[in-house]
Amino acid sequence: MPRIPKGFQLRGAVKENHKHPIYAVAWSPHIHTDCNSHSDGQTTISYFATCAGPCAAIYEVVTTSVQSTKDGRQQAQPPVVRQVYRDVDDDETFYTCAFGGRGVGSPVGYAPVGSAVDTSEVLDGTESSDDGATRIIYFGKSNNDINASDSYGSDGEASSKPPLKRQKTDRSTHQSQFLFPFSSTQDGPPLLCLAGTRGIIKVIDTVRRSLFLTLSGHGDEITDLQFSPTNEWLLLSASYDESIRLWNLQRGTNVAVFTGHDGHRRQVLSVSWHFSGTKFASCAMDNIIKLWNVIGSDGDNSAGSIEAAIEESQHVMPNDFPKHEMGNNGNATPVETKFKPIVQQTPYFSTNKVHTDYVDCVQFVGDLILSKSVHNKVVLWKPILDKDDNTKLESPSSIENNDSESTESSSRIPSGILFLREFTLSHCNSWFVRFHSPSPYHRILALGNQKGEVKVWQIGGEKGCNPDAKFYCNLTTSNVGGMHASNSNDNGGCTVRMVKFSPDASCLVAVCDDGTIWMWEAS
1 MPRIPKGFQL RGAVKENHKH PIYAVAWSPH IHTDCNSHSD GQTTISYFAT CAGPCAAIYE
61 VVTTSVQSTK DGRQQAQPPV VRQVYRDVDD DETFYTCAFG GRGVGSPVGY APVGSAVDTS
121 EVLDGTESSD DGATRIIYFG KSNNDINASD SYGSDGEASS KPPLKRQKTD RSTHQSQFLF
181 PFSSTQDGPP LLCLAGTRGI IKVIDTVRRS LFLTLSGHGD EITDLQFSPT NEWLLLSASY
241 DESIRLWNLQ RGTNVAVFTG HDGHRRQVLS VSWHFSGTKF ASCAMDNIIK LWNVIGSDGD
301 NSAGSIEAAI EESQHVMPND FPKHEMGNNG NATPVETKFK PIVQQTPYFS TNKVHTDYVD
361 CVQFVGDLIL SKSVHNKVVL WKPILDKDDN TKLESPSSIE NNDSESTESS SRIPSGILFL
421 REFTLSHCNS WFVRFHSPSP YHRILALGNQ KGEVKVWQIG GEKGCNPDAK FYCNLTTSNV
481 GGMHASNSND NGGCTVRMVK FSPDASCLVA VCDDGTIWMW EAS
């Protein structure tokens with residue numbers, strides 16, 4: 001079990017020059033290790049991506065571990081931009097990004113594009129690629145080429161309000177389009193998925209450096225993308241259309257839609273997988289948090305309808321691909337070209353007793369839940385799944401939610417909670433500000449605020465779980481070298497939209513509304 005860091009050191013800061021807020025950051029789950037670069041240690045290479053407006057960028061972080069020191073201390077280098085992507089549709093705004101699946105090529109393939117182009121068009125950074133510049137890679141359809149049925153955004157600008165008019169779509173339909181030959185044996189680096197105002201998931205192969213696949217099905221803006229921790233091809237997407245969709249990225253297939261009678265009644269803002277990959281949590285602007293089963297049913301190891309649909313989706317092939325697939329024995333096996341997703345209308349748990357306003361971030365911490373609204377705090381709580389114990393276990397500070405649209409059928413769906421701890425910080429009453437606790441041990445929690453501060457709490461002790469309500473580390477995005485824009489706060493900070501720990505929790509990245517990126521190393 002890794003130790004809890006005593007503090008964090010700022011290792012680099014980058015300012016992206018596209019003049020858009022950076023809404024999301026995602027780390028690649030794969031870390032490359034090179035033991036030959038240093039005689040007394042090893043070098044690890046990890047990557048993270050950011051998205052803002054129609055742009056996305058991939059950064060490389062090189063960490064050297066020197067074994068000659070007493071504690072084998074690591075030293076992370078400043079992030080280096082390796083690839084920059086821009087959608088040709090200038091009205092697109094990406095709200096979320098995620099790494100998952102596999103592309104073609106070698107396991108490490110985020111090399112910079114060959115020829116040099118001035119990065120000032122998109123990026124101004126403390127570091128750049130080896131030749132000092134990075135080419136901008138354009139992809140997608142222009143605004144004039146986008147079909148009206150695909151246009152789910154309003155003006156493409158960052159908005160704090162839901163769209164005035166919602167596009168009505170058939171929940172049982174979806175479309176996928178592979179732009180390159182499909183292979184079931186791809187073993188390259190993870191694919192980069194982007195989504196936002198257009199309601200279309202755009203999948204980029206970073207080795208081919210081009211758009212690889214598009215997934216259509218949502219009828220409104222997409223706010224979150226999360227890959228399963230146990231199956232790198234299963235992707236969850238949350239949307240303003242009040243639904244969550246489960247995709248099999250390997251087949252470009254929508255496996256299931258979580259919506260309907262007992263589903264969310266307003267825009268879904270965040271989803272989080274359980275570490276087992278068998279269930280997930282969702283939260284929305286209806287102030288409700290719901291828990292859904294993917295594998296079997298709660299407390300039951302038998303295969304459920306969604307689990308069967310996942311297996312069935314493995315035999316689906318898009319219309320423009322061959323109708324037979326070669327098996328391991330060399331024989332051709334017929335494949336299906338059409339697949340109707342399962343519609344799951346009922347979660348196994350649903351509650352509006354934790355928050356009284358928009359719930360914009362949720363995360364499983366073991367079997368417990370961390371969730372956040374706009375009231376300057378993150379709440380740690382336990383869902384009470386026994387219907388007979390669905391009593392007054394909520395926080396004493398909670399207020400009755402009188403929204404009739406959010407009334408729960410407590411006789412059918414458990415909704416009781418056991419309040420455990422609140423983690424409070426000031427100046428954090430904006431919505432769509434997201435926290436993170438690194439898996440699998442979830443021993444620390446980080447969250448930013450509107451003043452450009454990042455607070456870190458210890459939520460799991462050395463001798464068991466005893467969360468500390470007071471943060472033990474306060475990181476600031478100080479105005480180094482005039483990094484912040486003119487719309488920053490008086491103290492030089494700007495709203496931190498999202499924080500994310502690296503897979504090994506050795507680095508923490510924060511992204512801000514003014515296009516700045518800050519990276520700290522755990523010490």
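Position 203 of the sequence shown, counted from 1, bears residue number 203 in the UniProt record's numbering, the numbering being contiguous throughout.
By construction, the Cβ of each residue, glycine as well, lies at the ideal position given by its N, Cα and C atoms.
The model shown is predicted, which means the values in this text are computed figures rather than measured ones.
For residue i, name the three-state secondary structure that DSSP assigns.
| i | result |
| --- | --- |
| residue 536 | Within the shown structure, residues of the chain are numbered from 1 to 523, placing residue 536 beyond reach of any answer. |
| residue 505 | coil |
| residue 521 | strand |
| residue 306 | helix |
| residue 313 | helix |
| residue 135 | coil |
| residue 457 | strand |
| residue 580 | Residue 580 is absent from the structure shown; the chain starts at 1 and stops at 523. |
| residue 61 | strand |
| residue 278 | coil |
| residue 207 | coil |
| residue 418 | strand |
| residue 448 | strand |
| residue 383 | strand |
| residue 252 | coil |
If you drop the 5 nearest sequence neighbours on each side, which residues of the same chain put their C-beta closer than 6 Å to that of residue i?
| i | result |
| --- | --- |
| residue 108 | Any reading at residue 108 needs caution, since the residue's pLDDT is 46, under 50, leaving its predicted position unreliable; the model's value is listed next. Closer than 6 Å at Cβ, skipping near neighbours: 32. |
| residue 485 | With a pLDDT of only 49 at residue 485, under the threshold of 50, the placement of this residue in the model should not be trusted; the figure read from the coordinates follows. The residues are 514. |
| residue 241 | 218, 219 and 220 |
| residue 285 | 266, 267 and 358 |
| residue 12 | 78, 79, 126 and 519 |
Rounded to whole angstroms, what is the Cα-Cα separation between residue i and residue j?
| i | j | result |
| --- | --- | --- |
| residue 396 | residue 355 | With a pLDDT of only 38 at residue 396, under the threshold of 50, the placement of this residue in the model should not be trusted; the figure read from the coordinates follows. If I take the Cα positions, the gap works out to 12 Å. |
| residue 444 | residue 501 | 10 Å |
| residue 188 | residue 208 | 11 Å |
| residue 296 | residue 386 | 18 Å |
| residue 51 | residue 513 | 11 Å |
| residue 87 | residue 416 | 44 Å |
| residue 218 | residue 61 | 34 Å |
| residue 43 | residue 192 | 24 Å |
| residue 448 | residue 264 | 27 Å |
| residue 315 | residue 248 | 11 Å |
| residue 104 | residue 361 | 33 Å |
| residue 531 | residue 460 | Missing from the structure shown is residue 531; the chain here goes from 1 to 523 and no further. |
| residue 438 | residue 503 | 7 Å |
| residue 223 | residue 237 | 8 Å |
| residue 518 | residue 10 | 8 Å |
| residue 194 | residue 384 | 35 Å |
| residue 269 | residue 317 | 30 Å |
| residue 59 | residue 432 | 23 Å |
| residue 524 | residue 139 | The displayed coordinates of the chain run from 1 to 523. Any statement about residue 524 would go beyond what the structure contains. |
| residue 311 | residue 272 | 22 Å |
| residue 79 | residue 281 | 32 Å |
| residue 24 | residue 507 | 16 Å |
| residue 473 | residue 456 | 5 Å |
| residue 49 | residue 97 | 7 Å |
| residue 454 | residue 340 | 44 Å |
| residue 57 | residue 471 | 31 Å |
Using the rule of at least 16 other Cβ atoms within 10 Å of the residue's Cβ for burial, across every protein chain shown, is residue i buried or exposed?
| i | result |
| --- | --- |
| residue 418 | exposed |
| residue 274 | buried |
| residue 230 | exposed |
| residue 252 | buried |
| residue 469 | exposed |
| residue 357 | exposed |
| residue 434 | buried |
| residue 8 | buried |
| residue 198 | buried |
| residue 279 | buried |
| residue 54 | buried |
| residue 6 | exposed |
| residue 21 | buried |
| residue 83 | buried |
| residue 352 | buried |
| residue 440 | exposed |
Please return the same chain residues whose Cβ sits closer than 8 Å to the Cβ of residue i, not counting the five positions on each side in sequence.
| i | result |
| --- | --- |
| residue 429 | 374, 375, 376 and 450 |
| residue 232 | 29, 100, 101, 102 and 190 |
| residue 368 | 380, 381, 382 and 420 |
| residue 365 | 380, 437, 442 and 459 |
| residue 34 | 42, 43, 44 and 45 |
So, for residue i: in the same chain, excluding its five sequence neighbours on each side, which residues have a beta-carbon less than 7 Å away from its beta-carbon?
| i | result |
| --- | --- |
| residue 347 | 262, 290, 291, 292 and 413 |
Touching by the beta-carbon criterion (3+ pairs, under 8 Å), the segment 375 to 389 and the segment 412 to 427 = Contact between the segment 375 to 389 and the segment 412 to 427 is present, with at least three C-beta pairs closer than 8 Å.
inquiry  = Would you call the segment 366 to 376 in contact with the segment 303 to 311, where contact means no fewer than 3 C-beta pairs closer than 8 Å?
reply    = Cβ pair count under 8 Å is below three, so no.
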